[in-house]
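Remarks on the structure that follows.
Residue numbers (our numbering): -10 to 107.
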């Protein structure tokens, strides 16, 4: 699994159209994907950035448990994530079979089969 965390440097074209708030959300979502043990491919990042623009509510549902306040600095957030210190925002965590099914459906739409570890 690729755990490189230079999301913006690897695919700058995917982050260019985002507002500063969306950029923070995209970085948080990328961390979410890595923390859950999935590979962070260009297609995954593209799905995240596209969802931020097209359906921000869906992004909030899927990735809000790992995002911080809007004014959080990226460097601090990155360091805290590496230490495993990110915490869920109360009332936003989704768990259970329905949440897993929704997440797997989105991964399949992005071209990734979550039932394999390849």
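Where is the CB? At the ideal position from N, CA and C, for every residue including glycine.
{"query": "Roughly how many angstroms lie between the CA atoms of residue 90 and residue 84, to the nearest whole one?", "result": "10 Å"}
{"query": "Would residue 41 and residue 7 be called neighbours here (beta carbons separated by less than 8 Å)?", "result": "yes"}
{"query": "Can you tell me whether DSSP reads residue 20 as helix, strand or coil?", "result": "helix"}
{"query": "Looking at C-alpha atoms only, which residue of 17, 11, -1 and -2 is the closest neighbour of residue 65?", "result": "17"}
{"query": "Under 8 Å between the Cβ atoms of residue 32 and residue 94?", "result": "no"}
{"query": "Taking the alpha carbon of residue -2 as the point to measure from, which residue in 43, 49, 44 and 34 has its own alpha carbon closest?", "result": "34"}
{"query": "What residue range is occupied by the uninterrupted alpha helix (DSSP H) comprising residue 51?", "result": "45 to 52"}
{"query": "Look at residue 19 and residue 29 and say whether their C-beta atoms are less than 8 Å apart.", "result": "yes"}
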